[in-house]
Amino acid sequence: MTSSPGGIGARTLRLLRHPVLRRLAQAFFVAFLLMVFAFLLIRLIPGDPAMILLGDEATEEDVIAYRKLLGIDGSIPSQFGRYVANLVRGDFGVSIRSREPVLSIVGKRLPVSLWLTVTTIVMTIGLALPLGVAAALYRRTWFGHAFQIGASVMVATPVFFSGLLLILLFAVQVNLAPIAGYHAGFPANLYYLWLPALTINFVLVPVLSRILQSSIVETSSEEFVEAAIIRGTQGWRFYWRYLLRPSLAPTIAALGYFAATVVSYAVIIEIIFNLPGLGMTLVDAVRNRDYPLVQGIVFLSGLLVVGLTFMADLVNGWLDPRAKIR
Amino acid sequence: MTAGSPSIAPAGRLRQVELRRHWRQLNAESRWGVVILALILLLSVSVPLLSPNDPYGFVDQPLQPPSAAFFFGTDHLGRDLLVRVFAAARLDIALAILGVSVPIVIGTFIGTLAGTTRNRIAETVWDGLVNALTAFPEIILVLGIVAMVGADIRGLLIAIWISRWAQYARIARAKSLALRDAEFVQAAQVLGYSQLRILVRHIMPNVFSEALAYALSDFIFIIVIIGGLSFLGLGVTPPTPEWGAMLAEGRLYLRTEPWLILFPGFFLSLTAIGVALLARGLERISKGEDE
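Those protein sequence lines, which keep their order, are chains U and W.
Number 326 marks the last residue of the first sequence (UniProt numbering); no jumps.
Number 291 marks the last residue of the second sequence (UniProt numbering); no jumps.
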């Protein structure tokens with residue numbers, strides 16, 4: 001620090017430089033840019049969106065009314081001002097198709113997507129953790145090699161193919177899951193969700209367990225592990241405290257990073273398994289050129305990922321004292 | 001070239017020697033990758049050329065299982081699946097190459113520009129911009145752009161170009177940050193070369209190798225996006241043969257005629273595996289591991 005402002009000033013300054021706050025400020029800045037991008041999205045359409053939607057036969061009044069509905073009347077700065085003011089009030093516009101507020105559509109469809117995401121992540125942790133540890137401990141045996149090959153093949157298989165393969169296996173050959181569809185309600189919905197979640201994990205688990213494996217291998221050569229062995233630390237305490245916990249940070253960070261990937265793949269998965277979530281809504285909106293709905297979903301999903309990444313960063317800092325948030 | 005001169009090998013021979021030298025430098029992983037990709041490329045060119053059947057045309061009774069006459073069977077419209085799978089290979093690989101090549105150039109240029117500037121505000125805005133763009137779930141961003149530009153091949157490519165450059169810019173920026181104080185850059189500055197010339201002729205070539213390494217893994221991602229959007233009916237649309245679109249069509253016959261998805265899906269995955277093997281192999285070589 002160059003100058004030292006005395007008293008409360010210095011404390012506030014130090015607080016402001018707190019890494020968590022800095023990350024938070026960064027997250028807000030990113031969220032702001034997401035908003036700008038979502039705003040631009042509809043305005044970058046070549047031609048007049050109202051004309052595209054209405055066709056050539058539209059009357060002057062219809063076009064004007066549509067421009068108003070889309071929020072693209074008036075100058076760009078005034079449009080942006082209105083857009084921001086509306087967002088702050090929670091108004092994301094109205095779907096062109098159903099004339100329903102975008103936010104209420106999202107509110108209806110979001111739970112399915114969230115359930116899918118949560119089921120996926122629980123499954124990811126349940127599968128990647130033991131696999132990664134096993135792959136690290138037995139990396140020089142046949143298991144390690146099989147793991148490497150299997151992981152490479154699984155990562156390279158697109159979800160829309162592995163999903164169909166899993167349906168073929170679990171829903172057509174053995175009757176363990178429905179081919180498609182969804183019913184709400186907690187324990188019952190898992191019957192419809194486990195196969196879609198497994199499909200996403202077909203890509204996710206190999207990547208994450210590989211990251212975990214290599215960071216466990218790295219940790220095991222650290223001095224504090226050696227010291228723990230010399231001190232005679234054994235059993236669970238040794239594995240958790242000295243091997244697993246310090247190795248988890250990169251995996252958690254990656255999980256945060258892959259939040260975007262999960263949300264991404266969920267779109268395709270929802271179509272394959274006919275789950276009435278946000279992804280299916282988005283694809284329908286794209287097909288119908290329902291611009292406000294597309295805009296709203298793109299913005300909100302970006303926001304969701306920013307939030308998840310931020311949370312992953314926090315957990316990361318707690319898990320591994322070495323990985324202080326930058 | 002003087003033909004028949006004993007001291008100078010003919011051009012064809014020279015190229016052969018060159019190729020063999022490259023081949024010897026590869027490790028097992030990258031060799032497998034090359035073999036798989038070469039096989040798929042060869043088949044994708046030769047099968048549609050040599051087969052008498054047209055990928056768009058009706059040839060025989062629909063939904064026939066694989067047989068000696070039709071190795072992959074026929075699809076729901078009575079078209080030869082073998083020809084369609086490899087016609088699709090040609091299209092998918094060409095589209096993926098197109099999809100990778102534009103972002104790598106644009107991204108590297110922008111990233112190098114950002115890496116060599118010393119303006120602090122520009123740096124902050126830059127960080128936010130790249131973070132924002134990469135915060136969007138990839139497929140959702142691509143879908144958003146496709147919704148605006150149009151759900152066809154052109155829209156798909158534009159969406160990929162807009163959404164993928166940021167990764168390259170990130171790599172290029174990190175690398176050029178390290179390079180901007182390098183001696184050869186200082187030398188070029190002393191010589192009085194323009195900022196743009198230093199950027200394009202001196203820094204970018206050094207940044208490019210790293211971007212190319214990333215491009216291989218990006219290729220996999222882009223081929224999955226092309227297939228994925230076409231699977232959703234928002235990219236390449238039927239009747240054009242494309243792997244994702246074929247999977248979407250074949251999905252309706254999953255229960256009774258699973259080969260309709262097995263063949264296109266298998267070759268799509270195999271292509272991705274080939275590229276992945278090549279990428280991993282080359283990465284290991286550049287790190288100086290094994291062999």
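Ideal Cβ placement from N, Cα and C applies to all residues, glycine included.
This structure is a prediction, so every number in the text was calculated from the model and none was measured.
Local conformation of residue i per DSSP, three classes
i	result
P101(U)	strand
T116(W)	helix
G6(U)	Bear in mind that a pLDDT of 47 at G6(U), under 50, signals an unreliable position, so the model cannot answer this.
T12(U)	helix
T199(U)	helix
D56(U)	coil
D48(U)	coil
P6(W)	Per-residue confidence for P6(W) stands at a pLDDT of 48, beneath the threshold of 50, marking its modelled position as unreliable; no derived number is given.
V94(U)	strand
D80(W)	strand
T157(U)	coil
T108(W)	helix
T74(W)	strand
A69(W)	coil
N189(U)	helix
Y56(W)	coil
D152(W)	coil
Q148(U)	helix
H18(U)	coil
residue 292(W)	Residue 292(W) lies beyond the stretch modelled for chain W, which goes from 1 to 291, so this question has no answer here.
V174(U)	coil
Q79(U)	helix
Backbone CA spacing between residue i and residue j [nearest angstrom]
i	j	result
A10(U)	L24(U)	20 Å
I105(U)	I72(U)	22 Å
V305(U)	F136(W)	7 Å
V275(W)	L98(W)	16 Å
R284(W)	V149(W)	40 Å
H22(W)	R15(W)	11 Å
A213(W)	A87(W)	28 Å
G281(W)	M123(U)	31 Å
A151(W)	P101(U)	25 Å
I222(W)	Y168(W)	14 Å
V298(U)	D284(U)	13 Å
G277(U)	L110(U)	6 Å
A146(U)	A197(U)	23 Å
R173(W)	T124(W)	13 Å
G302(U)	M311(U)	14 Å
N274(U)	P178(U)	11 Å
R237(U)	A151(U)	29 Å
E19(U)	F28(U)	First, the amino acid is wrong: residue 19(U) is Pro here, not Glu. In a straight line, the C-alpha of P19(U) is about 14 Å away from that of F28(U).
L42(W)	W165(W)	30 Å
L127(U)	W194(U)	13 Å
Contacts that residue i makes with chain U (C-beta to C-beta distance below 8 Å)
i	result
S269(W)	V153, A156, T157, P158, F161
L129(W)	L33
R251(W)	L164, I272
Contacts of residue i in chain W (Cβ-Cβ under 7 Å)
i	result
R289(U)	A147
L41(U)	G144, M148
A184(U)	None at all; the shortest Cβ gap to chain W is about 23 Å.
I271(U)	L232
I45(U)	M148
Residue i versus the options, residue with shortest Cα-Cα distance
i	options	result
L248(U)	W318(U), F224(U), W236(U), R14(U)	W318(U)
residue 293(W)	S163(W), V146(W), D127(W)	Past the edges of chain W, shown from 1 to 291, lies residue 293(W), and the structure says nothing about it.
A159(W)	A187(W), L252(W), P103(W), L191(W)	P103(W)
G132(U)	I211(U), L165(U), P19(U), P250(U)	I211(U)
T134(W)	M280(U), L278(U), T261(U), A312(U)	T261(U)
S113(U)	I45(U), L300(U), D313(U)	L300(U)
V207(W)	P258(W), F184(W), I171(W)	I171(W)
N119(W)	V105(W), D54(W), L177(W), Q25(W)	L177(W)
W243(W)	V34(W), L91(W), Q64(W)	L91(W)
L268(W)	V47(W), I36(W), I203(W), P205(W)	I36(W)
Under 7 Å by beta carbon: chain U residues contacting residue i
i	result
A132(W)	V30, L33, L34, F37
A114(W)	Neighbours of A114(W) on chain U: none; closest Cβ ~15 Å, over 7 Å.
P258(W)	L168
Under 8 Å by beta carbon: chain C residues contacting residue i
i	result
G281(W)	No chain C appears in the structure shown, which is made up of the protein chains U and W.
Partners in chain U for residue i, counting only beta-carbon separations shorter than 9 Å
i	result
G265(W)	T157, P158, F160, F161, S162, L164, L165
Under 8 Å by beta carbon: chain W residues contacting residue i
i	result
I268(U)	I139, G228, F231, L232
A180(U)	Those within 8 Å of A180(U) in chain W number zero; the least Cβ separation is about 10 Å.
S264(U)	P137, E138, I139, I140
Proximal residues of chain W, C-beta to C-beta of residue i below 9 Å
i	result
V283(U)	L143, L232, G233, L234
Exercise for the section: Anything in the region 294-320 of chain U with a Cβ closer than 8 Å to a Cβ of chain W? List those residues in chain order, please. Expected result: V294, Q295, I297, V298, S301, G302, V305, V306, T309
Problem - Residues of the region 197-221 of chain U whose Cβ lies closer than 8 Å to any Cβ of chain W, in chain order - result: none
Handout entry: Residues, ordered as in the chain, of the region 203-224 of chain W that lie near chain U by beta-carbon distance below 7 Å
Key = I220, V224
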